[in-house]
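The sequence shown begins at 0 in the working numbering and counts up by one.
Cβ atoms here follow ideal geometry from the backbone N, Cα and C, with glycine treated the same way.
As the structure is a prediction and not an experimental result, all values here were calculated from the model.
As structure tokens, the structure follows; a few thoughts come after it.
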Amino acid sequence: MTSRRTASAVAATTVLALSGVGIGAGVAGAHGSMTDPVSRVSACYAEGPESPKSAACKAAVAASGTQAFYDWNAVNIANAAGKHRELIPDGKLCSAGNDKYRGLDLARADWPASNLGSGAHTFRYKGTAPHRGSFELYVTKDGYDPSKPLKWSDLEDKPFATVTDPRMESGDYVFQGTVPKKSGRHLIYSIWQRSDSPEAFYTCSDVVFGKDSGGGTAPAPTASAPSDEQIEDGQDESSVEHGGHGDGDAATGAEANAPAPGHETGNGTGHGTGHATQPAPSAETSSAAPNAPVPAAGSGSGSGEVLAETGGDSTTPYLAVGGAAVLAIGAAVLFGATRRRRTQG
């Protein structure tokens, strides 16, 4: 009897342990933010959460507190699943509807900005915890007024750049896009939808085409991305694990958001319903060679980076469960062998 109990316990423990491994790997998190052009949250983090230099970042820190900027790489929705326009209400695009980052939604014309030209551009997105997924970049329409809250209707209907699994260089996702012809002050809105999880990340990058008029006032300061040293120095103050969520999204403030009022059915542009149970869409790249995808999880890229350093890809849970099943069968064989020995004895 003791042998049978031991074998049964081994089988049960093995199944539960490996099932847990599969689930853990499947929900591991990603983090990051746009650094070229520089996102608002990156610019303010680079200035320093405790003593920002620009008027806009001072106001943002006053509205959100310093922790939001130490957690600069976590403007996300844990269960977005492609339903961006349903979940994020007008006026809250830059915070992704997350009150923790409400300072990013301040409507003002003096946010630190990046100079940007029309035509080909190399975009960079710092991936502090990289993972597979698709990027979509939108630019604001002609006539955009930065002194008014940003609405979905302020963005061009279609992204001007899309890419799936771009390559990584020195910790950055790097990909090409062709920027439409614009003039004056605009905003680039990015959506990074993971393909191995419903989680998505969002950024607002203020840009200037040509000379910045500053909205009738003094020109806004030039945005700077945080250096690797600044990122490393701020990790002790961050509630975000650089390399994974640990205990999920509780620390980042990401919530299971309900659809925003008036956005329950989407807007017919591919960002409404129909994505709830599907992975991120496979987007065409604007240039195959420059946007060559990073290698599969667990293998090195050309720069020695590992894509899914926070966990497995979308097949991981199934592989883990399969492994659990194999070991469970092995435990059952052990149980049978033990029982036969007792019978023969």
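Item: Buried or exposed by the 16-neighbour rule on C-beta atoms within 10 Å, applied to ASN114; Value: exposed
Item: Residues that THR125 bridges to, as DSSP identifies them; Value: The sequence shown places Lys at residue 125, not Thr. Note: LYS125 sits in a beta bridge opposite SER32 and ASP171.
Item: Within 8 Å, strictly: CB atoms of ALA219 and ALA128; Value: no
Item: Nearest-angstrom beta carbon gap, GLU198 and ASN358 [assumed within contact, 8 Å]; Value: Given that the chain is displayed from residue 0 to residue 344, the structure contains no residue 358 and the question cannot be resolved.
Item: SER146, buried or exposed, once every other Cβ within 10 Å from all chains shown has been counted against 16; Value: exposed
Item: Helix, strand or coil at ILE76 [DSSP, three-state]; Value: strand
Item: Local Cβ density within 10 Å of GLN234, reported as buried at 16 or more and exposed below that; Value: exposed
Item: As assigned by DSSP and simplified to three states, the class of SER204; Value: strand
Item: Other residues of its chain near ASP171: CB distance less than 6 Å, five sequence neighbours each side excluded; Value: ARG123 and LYS125
Item: Beta-carbon proximity list for ALA79, same chain, < 7 Å, skipping 5 on both sides; Value: LEU86, GLN192, PRO197, GLU198 and ALA199
Item: Neighbourhood of GLN229 by C-beta distance below 7 Å, restricted to the same chain and skipping five residues each side; Value: ALA45
Item: Chain-order list of residues whose beta-carbon lies under 7 Å from that of ALA54 (same chain, five-residue window excluded); Value: ASP109
Item: Extent of the continuous beta strand (DSSP E) run through GLN192; Value: 183-193
Item: Alpha helix (DSSP H) runs contained entirely in the region 77-107, provided each spans 4 or more residues; Value: 83-86
Item: Backbone secondary structure at GLY118 - three-state DSSP; Value: strand
Item: As assigned by DSSP and simplified to three states, the class of ARG360; Value: No answer is possible for residue 360: the residues shown for the chain start at 0 and end at 344.
Item: PRO148 and ALA106 closer than 8 Å at C-beta; Value: yes
Item: Buried or exposed by the 16-neighbour rule on C-beta atoms within 10 Å, applied to LYS181; Value: buried
Item: Same chain only: Cβ atoms within 7 Å of ASP70, ignoring 5 sequence neighbours per side; Value: SER237, SER238, VAL239 and THR251
Item: Assigned exposure category for GLY209 - 16 Cβ within 10 Å defines buried; Value: exposed
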